[in-house]
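Protein chains in written order, with the working numbering: chain A, 275 to 722; chain B, 275 to 722. All C-beta atoms, glycine included, are put in the ideal place defined by N, C-alpha and C. Report on the following structure.
Number of protein chains: 2
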Amino acid sequence: MTRKIVIIGGNAAGVNAANAARKTDSSAEITIIEREKYPAYSRCGLPFVLGGEIPELEDLVVFPSSHYQLMKIDLRLETVAKSIEPKAKTVQIEDKYGKTETLPYDSLILSTGAAPFIIPIRGYDLPQVFAIRTIEDGRKIAQIMEDVKAAVIIGAGFIGLEAAHALSEKNVKTTVVELLPQIVPTMFDPDMAKIVQRKIEEHGVDLMVNSRVTEILGNKKVTGVKTEGKEIPADLVIMATGVRPNVELAQVIGCETGVTRAIKVNMKMETSVPSVYAAGDCVETQNRLTGKPSLIQLGTCSVRQGKVAGTNAAGGYATYPGAMASAVSKFFDMEVGAAGLMERVARSEGFQTVTGAVTGRTRADYFPGNEEIRVKIIAEPVLGRVLGAQIVGGEEVTQRVNMLAVAIERGMTVWDLAKADTAYAPPLSETWEPVVLAAEVTSMRIRR
Amino acid sequence: MTRKIVIIGGNAAGVNAANAARKTDSSAEITIIEREKYPAYSRCGLPFVLGGEIPELEDLVVFPSSHYQLMKIDLRLETVAKSIEPKAKTVQIEDKYGKTETLPYDSLILSTGAAPFIIPIRGYDLPQVFAIRTIEDGRKIAQIMEDVKAAVIIGAGFIGLEAAHALSEKNVKTTVVELLPQIVPTMFDPDMAKIVQRKIEEHGVDLMVNSRVTEILGNKKVTGVKTEGKEIPADLVIMATGVRPNVELAQVIGCETGVTRAIKVNMKMETSVPSVYAAGDCVETQNRLTGKPSLIQLGTCSVRQGKVAGTNAAGGYATYPGAMASAVSKFFDMEVGAAGLMERVARSEGFQTVTGAVTGRTRADYFPGNEEIRVKIIAEPVLGRVLGAQIVGGEEVTQRVNMLAVAIERGMTVWDLAKADTAYAPPLSETWEPVVLAAEVTSMRIRR
Numbered sequence: 275m276t277r278k279i280v281i282i283g284g285n286a287a288g289v290n291a292a293n294a295a296r297k298t299d300s301s302a303e304i305t306i307i308e309r310e311k312y313p314a315y316s317r318c319g320l321p322f323v324l325g326g327e328i329p330e331l332e333d334l335v336v337f338p339s340s341h342y343q344l345m346k347i348d349l350r351l352e353t354v355a356k357s358i359e360p361k362a363k364t365v366q367i368e369d370k371y372g373k374t375e376t377l378p379y380d381s382l383i384l385s386t387g388a389a390p391f392i393i394p395i396r397g398y399d400l401p402q403v404f405a406i407r408t409i410e411d412g413r414k415i416a417q418i419m420e421d422v423k424a425a426v427i428i429g430a431g432f433i434g435l436e437a438a439h440a441l442s443e444k445n446v447k448t449t450v451v452e453l454l455p456q457i458v459p460t461m462f463d464p465d466m467a468k469i470v471q472r473k474i475e476e477h478g479v480d481l482m483v484n485s486r487v488t489e490i491l492g493n494k495k496v497t498g499v500k501t502e503g504k505e506i507p508a509d510l511v512i513m514a515t516g517v518r519p520n521v522e523l524a525q526v527i528g529c530e531t532g533v534t535r536a537i538k539v540n541m542k543m544e545t546s547v548p549s550v551y552a553a554g555d556c557v558e559t560q561n562r563l564t565g566k567p568s569l570i571q572l573g574t575c576s577v578r579q580g581k582v583a584g585t586n587a588a589g590g591y592a593t594y595p596g597a598m599a600s601a602v603s604k605f606f607d608m609e610v611g612a613a614g615l616m617e618r619v620a621r622s623e624g625f626q627t628v629t630g631a632v633t634g635r636t637r638a639d640y641f642p643g644n645e646e647i648r649v650k651i652i653a654e655p656v657l658g659r660v661l662g663a664q665i666v667g668g669e670e671v672t673q674r675v676n677m678l679a680v681a682i683e684r685g686m687t688v689w690d691l692a693k694a695d696t697a698y699a700p701p702l703s704e705t706w707e708p709v710v711l712a713a714e715v716t717s718m719r720i721r722r
Numbered sequence: 275m276t277r278k279i280v281i282i283g284g285n286a287a288g289v290n291a292a293n294a295a296r297k298t299d300s301s302a303e304i305t306i307i308e309r310e311k312y313p314a315y316s317r318c319g320l321p322f323v324l325g326g327e328i329p330e331l332e333d334l335v336v337f338p339s340s341h342y343q344l345m346k347i348d349l350r351l352e353t354v355a356k357s358i359e360p361k362a363k364t365v366q367i368e369d370k371y372g373k374t375e376t377l378p379y380d381s382l383i384l385s386t387g388a389a390p391f392i393i394p395i396r397g398y399d400l401p402q403v404f405a406i407r408t409i410e411d412g413r414k415i416a417q418i419m420e421d422v423k424a425a426v427i428i429g430a431g432f433i434g435l436e437a438a439h440a441l442s443e444k445n446v447k448t449t450v451v452e453l454l455p456q457i458v459p460t461m462f463d464p465d466m467a468k469i470v471q472r473k474i475e476e477h478g479v480d481l482m483v484n485s486r487v488t489e490i491l492g493n494k495k496v497t498g499v500k501t502e503g504k505e506i507p508a509d510l511v512i513m514a515t516g517v518r519p520n521v522e523l524a525q526v527i528g529c530e531t532g533v534t535r536a537i538k539v540n541m542k543m544e545t546s547v548p549s550v551y552a553a554g555d556c557v558e559t560q561n562r563l564t565g566k567p568s569l570i571q572l573g574t575c576s577v578r579q580g581k582v583a584g585t586n587a588a589g590g591y592a593t594y595p596g597a598m599a600s601a602v603s604k605f606f607d608m609e610v611g612a613a614g615l616m617e618r619v620a621r622s623e624g625f626q627t628v629t630g631a632v633t634g635r636t637r638a639d640y641f642p643g644n645e646e647i648r649v650k651i652i653a654e655p656v657l658g659r660v661l662g663a664q665i666v667g668g669e670e671v672t673q674r675v676n677m678l679a680v681a682i683e684r685g686m687t688v689w690d691l692a693k694a695d696t697a698y699a700p701p702l703s704e705t706w707e708p709v710v711l712a713a714e715v716t717s718m719r720i721r722r
């Protein structure tokens, strides 16, 4: 009998699930239900379209429609899942014309994603207040961009800073307001965040930490925002205040959610409801280092989880081992990245910590184009195990983060890492790789 | 009593040894004996000066002379060690004026390096035949470069290809002649070497594999080279045919040498002669994966070994854990790198092998500037352990090699690596990192 797989949500997790399902079962009926007009596109790419580095919003779409035809995936765009009957194993859907249909399933995959958290302050519903989550958001911002002279971004995480970069590329006077005492508060320790902040400020962007936006000003049209002490003129406001997992459908049918309020899954991405899988920004992930529940809403997790869910939903066997929270970004000509635990998080998890950092160069000192790079390592000070790492500036930050993520995952100590046999050529690196030196500096702070 | 440390050879290993010794013992008398006019400089940088990427040969000198003053290192340039009396613990040295002196030592470090292997064919001693090993070599080549129209490079390893790049940057018609059936024969498997070869040939360089140079033609002046089947006109010949460890002094005093004919040392870089250490291109290294003796003459090994030797020679304690042979290079706008064992070497070591390779992109598909990258993985096909990896093309090759070196060292399997949690941002990488995909492709070839 033909296996019927229904996937609710056709973005990173959903489409990777569909692809994996197809590879596992060549004859399955695979249907994707997607609320938006576009199938799987790169949300992470939105700020880069706004900044002009990518020409068109449509460039972000990952697969052409021919892909779905080729893979025999029934893609239903602008269609929503209204309800699920887990006992009957059916999903009720409705398209944009209001036409409803009941789809039976053998396996159901919830890849319902996450929605931007919009702070419900006065003025939040003015037409020049946006999140940067969908192509529609991008289009609307792009439409008014030409007339925008000043913008306020609420939230100084990666997306907020990428948006700030995009706006300042377009010569928009930009202010970023962050509630917490530092920028990138979920990724960098205060010392590293301060370096990032200084470099961004050099580009003329105002970064206000420790500041709460209390009101968005304007009547029909945004004219500014009010913080506790100040009014900032603006004709565009972007809320980059994180996303919250979309779990309503899951909860209605009884899927357990976890401490993070996201959907609980096992290693096979099975929810607590039989034949129902979940993947992507809507699920709770295990931190690969601590083994504890964690909300790690990254594209890399989504595609990997989707692949596992799709394989299992189609009768195969695959497992997802949790995430290391490896993340990178690029803004204001600066690469930044991190893996593992921040110092604060490591402490709150009960670890003792020791840290070490070095500022080095990315290539041989005499080689033109070499850049400054700062590497910080967080380790456990008795056994010396590396717990986390942060990098600011330089080149090849992504792959350094990957090396560190592998090192952390494999339980390397700072002594091990200080002896890593790294590769060297004058145009590409230094004989003493900054990651290796950071490990050494950290190790020297451990009493043996 | 003040400890006396004498270091014979003031390049990467020797100077790192001196620095480490000074950090370990602030009052030791440290003397470096160096044959050349310059202290520690980057030999690896020589081709890049010839190609014009680095302005001056002197830029390659690592530390200014003030460094040696500051570190209280007695640097004796243009001075040679004539003999050693290991029982009396003295070294006899002679400076460029013929003045001799006897230096007593408590610890002696042999960082005597390696000398280019010059094939003793007819014409090898013509004045336009060079190695690329010393600043003097670089200076002599640079002096005649303007008049050179055609060059032959013997040997298609990294240095030969870097030299070919430099020459073709200067519009010299360049031919590289390699004895073996492939280029980069000690670094890449034939399939990966072929890709590199094709890309180099696109730049107008002739690569002749399977070819032996039998004679260098010319009377007083090079006019060409003769191979078994052909005469190639040339007014410059570069021999990039590897280097051989300088072990004469070591052998005279009874230091054991190994199967690689280099000086045998233990983890502390101690030779078999009491109080005599050795480090750098003159020593035999253990391959970190197999544990077997290996001749790995890389700058990264030299600096690490020198540091260990210097620390121990000064009464500290440090160990060197062998090398993974991580190596990278850049030529003809192409980055290439490798870590661990090549397929052929893995087989000759008695491993069964399975391989997998993917061609991917370095950034999100839609992001401008993304480049093609090919990653190959060599694994053991029963337990799936990663044995080696090779990368051709793309960006961030060095740090990918480093990630793979860490993975290999920590015994990761292709299944582990296929689940590595890599970092993603559209301008920097892909959600499915090519290294991860290569591991997955390899894993799919293993029957479980």
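Output the boundary residues of the alpha helix (DSSP H) element that contains residue 673 of chain B.
Taken as a continuous stretch (DSSP letters only), the alpha helix (DSSP H) holding residue 673 of chain B covers 671-683.
Quick one: which unbroken alpha helix (DSSP H) runs of 4-plus residues sit fully inside the stretch 335-410 of chain A? Chain order, please.
Counting only runs of 4+ residues, the alpha helix (DSSP H) found wholly inside the stretch 335-410 of chain A occupies 339-344, in chain order.
CB residue 569 of chain A to CB residue 620 of chain A, shorter than 8 Å?
Against a cut-off of 8 Å, the Cβ pair of residue 620 of chain A and residue 569 of chain A comes out as no contact.
Determine, using beta carbons only, whether residue 218 of chain B comes closer than 8 Å to chain A.
No statement about residue 218 of chain B is possible, as the shown extent of chain B runs from 275 to 722 and does not include it.
With distances taken Cα to Cα, identify the nearest neighbour of residue 303 of chain B among B:720, B:588, B:403.
The option with the nearest alpha carbon to residue 303 of chain B is B:588.
Can you give me the C-alpha to C-alpha distance between residue 491 of chain A and residue 396 of chain A, rounded to a whole angstrom?
Looking at the two C-alpha atoms, the distance is approximately 8 Å.
What are the start and end residues of the alpha helix (DSSP H) that includes residue 625 of chain A?
First-last for residue 625 of chain A: undefined, no H or E at that position.
Cβ-based contacts, 7 Å cut-off: residues of the stretch 636-657 of chain B near chain A
The stretch 636-657 of chain B vs chain A, Cβ under 7 Å: 638, 640, 641, 642.
Are residue 527 of chain A and residue 360 of chain A closer than 8 Å when you measure CB to CB?
Yes. Within cutoff.
Name the two residues that bound the continuous beta strand (DSSP E) containing residue 662 of chain A.
Element bounds for residue 662 of chain A: 660-666.
Give me the chain B residues within the contact set of residue 701 of chain A, using Cβ-Cβ distance strictly less than 8 Å, ordered along the chain.
Identification of chain B residues near residue 701 of chain A by a Cβ-Cβ cut-off of 8 Å yields 322, 327, 604, ordered along the chain.
Residues near residue 548 of chain A in its chain [Cβ-Cβ closer than 8 Å; skip 5 each side]
These residues qualify, in order along the chain: 360.
Assign residue 431 of chain B to one of three DSSP states: helix, strand, or coil.
DSSP, read as helix, strand or coil, puts residue 431 of chain B in coil.
Would the beta-carbon of residue 585 of chain B fall within 8 Å of that of residue 314 of chain B?
Not in contact: residue 585 of chain B and residue 314 of chain B (Cβ atoms no closer than 8 Å).
Name, please, each residue of chain A whose Cβ falls closer than 7 Å to the Cβ of residue 595 of chain B.
Per Cβ cutoff of 7 Å: 693.
Alpha-carbon spacing of residue 721 of chain B relative to residue 628 of chain B, whole angstroms
Each residue's Cα considered, the two are about 11 Å apart.
Is the beta carbon of residue 671 of chain A closer than 8 Å to that of residue 602 of chain A?
Contact: yes.
DSSP on residue 691 of chain B, reduced to helix/strand/coil?
Note: residue 691 of chain B maps to helix in three-state DSSP.
Quick one: what does DSSP say residue 513 of chain B is sitting in, helix, strand or coil?
The three-state secondary structure of residue 513 of chain B, taken from DSSP, is strand.
Within a Cβ cutoff of 7 Å, which residues of the same chain sit near residue 659 of chain B, ignoring the five residues on either side of it in sequence?
Result list for residue 659 of chain B: 653, 685, 687, in chain order.
Flag this pair as touching only if the stretch 276-286 of chain B and the stretch 686-702 of chain A have three or more C-beta atom pairs under 8 Å; answer yes or no.
The stretch 276-286 of chain B, when compared against the stretch 686-702 of chain A, does not touch it at the 8 Å Cβ threshold.
In DSSP terms, what residue 568 of chain B is bridged to:
For residue 568 of chain B, which the question treats as bridged, DSSP gives the partners B:559.
Look at the alpha carbon of residue 282 of chain B and the alpha carbon of residue 307 of chain B, and state the distance between them as a whole number of angstroms.
Their Cα atoms are separated by approximately 5 Å.
Chain A partners of residue 674 of chain B, CB-CB under 7 Å?
Simply 673.
From residue 714 of chain A to residue 650 of chain A, what does the alpha carbon distance come to, in whole angstroms?
Straight-line spacing of the CA atoms in residue 714 of chain A and residue 650 of chain A works out to 11 Å.
Counting only beta-carbon separations shorter than 8 Å, does residue 698 of chain A have a partner in chain B?
Yes, contact with chain B.
If you measure from the beta carbon of residue 721 of chain B to each beta carbon in chain A, is any gap under 8 Å?
No - not a single Cβ of chain A is within 8 Å of the one on residue 721 of chain B.
Considering residue 322 of chain B, what are the terminal residues of the alpha helix (DSSP H) in which it resides?
Per DSSP, residue 322 of chain B is one residue of the alpha helix (DSSP H) stretching across 320-324.
Helix, strand or coil, according to DSSP, for residue 578 of chain B in the structure here?
The DSSP-derived three-state label of residue 578 of chain B is helix.
Interface positions of the stretch 335-368 of chain B facing chain A (Cβ-Cβ less than 8 Å), listed along the chain:
Near chain A, meaning a CB-to-CB distance below 8 Å, the residues of the stretch 335-368 of chain B are 336.
Starting from residue 684 of chain B, find everything on chain A with Cβ-Cβ shorter than 9 Å and list it in chain order.
Taking a Cβ-Cβ threshold of 9 Å, the residues of chain A close to residue 684 of chain B are 680, 681, 683, 684, 685, 686, 690, in chain order.
Coarse secondary structure for residue 635 of chain B, derived from DSSP in three states:
Residue 635 of chain B falls in the strand class under three-state DSSP.
Could you list which residues in chain A have their beta carbon closer than 8 Å to that of residue 529 of chain B, in chain order?
Correct list: empty, because the minimum Cβ distance to chain A is about 24 Å.
Going by C-alpha to C-alpha distance, which of B:663, B:562, B:611, B:287 sits closest to residue 712 of chain B?
Closest option to residue 712 of chain B, Cα to Cα, is B:663.
Just to check, is the beta-carbon of residue 523 of chain B closer than 7 Å to a non-hydrogen atom of the ligand PLP?
Absent from the structure shown: the ligand PLP. Ligands present: none.
What's the C-alpha gap between residue 318 of chain A and residue 710 of chain B?
C-alpha separation (whole angstroms): 20 Å.
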